[in-house]
Structure formats: structure tokens, C-alpha cells
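Just so we're aligned: 436 in the numbering used here is position 436 of the sequence shown, and the numbers increase by one with no gaps anywhere.
Where is the CB? At the ideal position from N, CA and C, for every residue including glycine.
Every value quoted in this text rests on a predicted model; they were computed, and no experiment measured them.
Notes follow once the structure below has been shown.
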Amino acid sequence: MQYIGKDIVTHGSLLHLNRDIAWKELRSRAKQGIRKARKAGIRVEESRDLSQMEKLWYDPETLIKELSEEQTLYLAYLDNELVGGIILTPVTSNTLFYHFGGTNEKGRLIEANAYLFWHAVEQFHDSSFEYLDVGVSYRYELQHFFHKYCTQPYPILFNPMPENVRPKIGIEPFCLTDENISDEPVIAINTRLAEYFESDFTFMPSWPFALQSALRALDLKKNQTIGVWASAGDDSYLSLLKNLFGEQFIFKLRDPDADAYLVAHRWGLICPDSEILALENKPLIEDCRDALEYGNRDLKPGSFGSLVVYDFTRWFPMPFGAILAGRYYADQEIWNKFHCLDVGKRNAVREALQIHWPRRAEYAAIRNNNCVRFHELFNLLGFQTIPGGSRDDRPVLLLKGSEYYSAEAIHDRLAKFDIRSECDKNDNIIALPCHCRLNRSFVDYIFGAIRGMINPCHTYVRKDPTLEA
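Dropping the structure here:
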């Protein structure tokens, strides 16, 4: 059995491509190498001749066969003798990757590699590229070499941990049961919820059953339709609805002629169509699964629909619990019409809310800190995160896919690490976990799993020497 590691988070090294920043942040040992090579009289030329690089690369069989249009090859000479080379490959819109590099004995003596890195800084200063990814290695000696040229570290993870110890991270917070139930009377939480939502409401076992109950409450006839508007990810939201309720209802995307409307503030983004749709003389359901916590605003989610659905598990570490706001339904009607009465679960939800409802501000602060860390890390790659308003709170971190890495590709990569995300292929948006049970180490773990796929060498596996002929 062959051992495959690289399954713990380590740190890669970025070298800033701004001359002033790079020189200020570089370690003294790296600066010494640059000065040494310059004093020796090193000269660097751009080339397209890979045959020269083959003389320097430790294993010519693993070297690329031809340079792409975007790749750059620099060759270093000392007294017209080839002593070093480096190939740079763009991996994101703002990041180059130190893809291949090598020096011979004379090149190592004058530290040609240090000067080649600095030559890249000189050449790409004031360009669209902000960083050179010098690299990462799980070999101590090579990692130590990379760290010499690091002006900005980043977390990275190549492979998933073994399945039996791998953390399973979802959009919803971890559901822990190590907290004591409050002695506060259960009636208090009902009163607080009624005041918060400013309406009557009905407890539901989960978000799907709360939304199904709202749809059934419309009493639609067989061929009547429901128009669907989502603030983001129309296609994936419509697919979700059809998978859950397609046998019962007919959904049509943004159909003004539908018999009823469903508006979703998906991933915490306010659906701009809510207000105008609320003026129509048609039933309107509002899906506020991702819009429980919002600051004061004109377009306040939950204020447009005659029935509004909320999901507690999206925000609190609870295994189940949702509400249907806008009307109170008696148990008999829930049993006969909605077919989802669960009194025991309802009591458990109310007890859990007594613990978690007063901690909303605390949990929001944790989510905000996680989002700030995500923003910092993805900015290093030139990736676009989708910000909310200054008072807004979302249960997810929204990331735009790039021209190099689509939201779908990132989604598939994370699934291999048992990290659950949601994405819309058409809008190229992915929703990442940032909930209140995550801390900085988990955020770095999630980002590290994504960052691993951006390293072109992440699929490399050393051959088992015992199987070689």
C-alpha cells in the first residue's frame, strides 16, 4: 500500500511583485543571494527555447513539452554560460506560479535562483500580476527554501484527510448537545419570536416542510403555476424546488403570468423584485431561509409575503427547526393539510432557541470575522467575494468563480474534502460555510482545500519505488 500524505494544512509563499514592497518584506538571506548573483555579473534573458531548460531541470521527462502563450521562460547566464532558468505560469488573474526552475553547480554557487525570482519582480512590477507564488513543499528543505522568498504566506492543502478523521463541514453549523437547557419558561421564546417577526407564526420541523406547507396553503389547482424569483442562482434554486416539490407543483422562472409568486432572498442577497411583486394581486410567498438577520432597510426581507419561511438551522447550531410566519396553524390543520406535525421536535426546537436566540449578536460577530478572513485570503488570488451591506448578515460567504476556476469546479473540489457548499453554474457563484461554529483554523482549512487545486503540482504523486522494475 502506497503512502499518500500532503493532507494537513501548511503554508505556501507568495512574493509580492511590487519592487518596493518585495524588497522591504524579503528576508535578509534572500537579499544577500540577490546581491551575490548581481555582483557575480549574472545576466537574464527571456527565451522560448525549452531545450535550454532541459539542461537545468532535474528530470527532463517531467518537464513540459512546449510553452503556452501565457508562460514565460527566463534563462540566466554567467559569462555566456547557462547557469539557471525559471518558468512562470499564470494561475489566477493576479498570480504567477513558479512552475519549473533549476540551476547547475555554478548557478547554485552564485545563487542564480534568488536573482531569477527578483528578475520576475522587476519584470512584472506595475503589471496586472500582484504575486509570484514561489511555492510550497511538504519536504522541509524545500519548504525552507521557499520561505526565504515569502512576503505573504497563505494556507494550502493538497489532499483530503483519511475519511475516518476528516472533518465534515456543512453550510449549517455543527449541532452540539453539550449545553444546558435554560430554566426560562418556554412561553418566553414564543413571545420573543412574535415580537421579532411582527406576525403570528407556526413552528415547522424543517425548511423544506415549512416551504411545502406554505405552498400547500395556497390551495393551487392542478395546472396552476408558481412564478419563482431568486436574488441569486435562479437556475440552481429552481432545480432545488423541482427536486423537492416537482411532483406537487409547477414552477416557472420569473413568470409574471403565474398564479402565485415565490421570492427567495437566496444566500442573504435581497431579491430586488420583492416590492413590485408584492403590489400584484397574487399570493406571494417569501423564502427568507438565508435572510433571518438584517439591519433596518427599506427593502426589509419578510415584509412582502403573506407567508414567510425561515430556517433556524441555517443560523444556529440546531439539527432542525423552521417557522412559517404570517399565520398560526393549529395542530389539526398541520396534521391534515401539511402532513408534518411533530410535537416532540417542536418542543426541542423551542428549548434550543431559548439557548441560541439570545446569542444572535455573538454568532453574527463570529460569521463576520470568518467572512473577513475569507476576504483576506481570496483577495490574495484576485478572486471576487460578494459583499453585503454594512448591517447585513449572511449565513454563507459568496464567492464568484474565476476564468481559471469555475464555481462548479470549486464545489466539486470541496466535496472531496467533505466540505459542503452550494453553487450555481449559470451565475458562477459558490456559497461557502462561514457559520458560528467555525473559527479561523476551519476557514483556513476550507480556503486551503481550494488553494490546493490552484497549485499546478497538486496532483503529483511520487511513484512507489517498491513497484518499479
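- Collapsing the DSSP output to three states places Phe129 in coil.
- With fewer than 16 neighbouring CB atoms inside 10 Å of its own CB, Ser68 falls in the exposed class.
- In the DSSP assignment, the residues bridged to Tyr310 are Ile323.
- With a contact defined as Cβ atoms closer than 8 Å, Ala260 and Leu307 miss out at about 10 Å.
- Where Asp424 is concerned, there is no enclosing alpha helix (DSSP H), although the beta strand (DSSP E) around it starts and stops at 422-424.
- Less than 7 Å divides the Cβ of Leu381 from the Cβ of Thr95.
- In chain order, Val136, Tyr154, Ile156 place their CB closer than 6 Å to the CB of Gly12, counting only its own chain and leaving out the 5 sequence neighbours on each side.
- Its Cα nearest to that of Phe129, the residue Thr92 stands out among Thr92, Glu54, His435.
- With fewer than 16 other Cβ atoms inside 10 Å of its own Cβ, Arg27 counts as exposed.
- Segment contact: the segment 394-407 against the segment 421-433, three or more CB-CB distances shorter than 8 Å; contact assigned.
- Ranking Thr103, Asp255, Met1 by CA distance to the CA of Ile42 puts Thr103 first.
- About 7 Å separates the Cβ atoms of Ile169 and Ile446, confirming a contact at the 8 Å cut-off.
- The segment 111-123 and the segment 19-36 touch, with three or more beta-carbon pairs separated by less than 8 Å.
- Assignment of beta-bridge partners to Leu398 by DSSP yields Ala431.
- Less than 7 Å separates the beta-carbon of Ile189 from that of Leu353.
- Close CB contacts of His356 within its chain, under the 6 Å cut and outside five residues either way in sequence, are with Phe316 (chain order).
- With respect to the 7 Å criterion, Phe320 and Arg216 are not classified as neighbours on the basis of their beta carbons.
- Per the C-alpha coordinates, the member of Ala325, Leu341, Gly326 positioned closest to Gln332 is Leu341.
- Annotated three-state conformation of Arg43 is strand, per DSSP.
- Taking the C-beta atoms as reference points, Lys252 is found nearer than 7 Å to Gly227.
- For Arg462, the number of other beta carbons within 10 angstroms of its own is below 16, and it is reported as exposed.
- In the structure shown, Ser13 adopts extended strand secondary structure according to DSSP, grouped into three states.
- With contacts defined as CB atoms closer than 7 Å, Cys288 and Trp229 fail to qualify as a contacting pair.
- If you draw a straight line from the Cα of Tyr363 to the Cα of Arg266, it comes to about 20 Å.
- Looking at the DSSP output, Leu75 sits in a beta bridge with Glu45, Gly85.
- By DSSP's assignment, Tyr154 forms a beta bridge with Gly12.
- If you compare the alpha carbons of Phe304, Arg367, Thr385 with that of Val263, the shortest gap goes to Phe304.
- By the criterion of at least three beta-carbon pairs nearer than 8 Å, the segment 142-150 is not in contact with the segment 54-74.
- Rounded to whole angstroms, Asp79 and Ser402 show a C-alpha spacing of 43 Å.
- In this structure, the beta-carbon distance from Val9 to Asp311 does not fall below 7 Å.
- The straight-line gap separating the alpha-carbon atoms of Ile323 and Asp464 is approximately 56 Å.
- Nearest in C-alpha terms to Ala22, of all of Pro387, Val121, Phe249, is Val121.
- Gly326 and Pro208 have their C-alpha atoms some 17 Å from each other.
- Non-local C-beta neighbours of Ala258 in its own chain, meaning closer than 7 Å and more than five positions away in sequence, comprise Thr225, Ile226, Gly227, Lys252, ordered along the chain.
- Counting along the chain, His375 sits inside no beta strand (DSSP E); it lies in the alpha helix (DSSP H) bounded by residues 360-381.
- Between Lys36 and the set Tyr115, Asp7, Ser51, Asp20, the nearest pair of CA atoms involves Tyr115.
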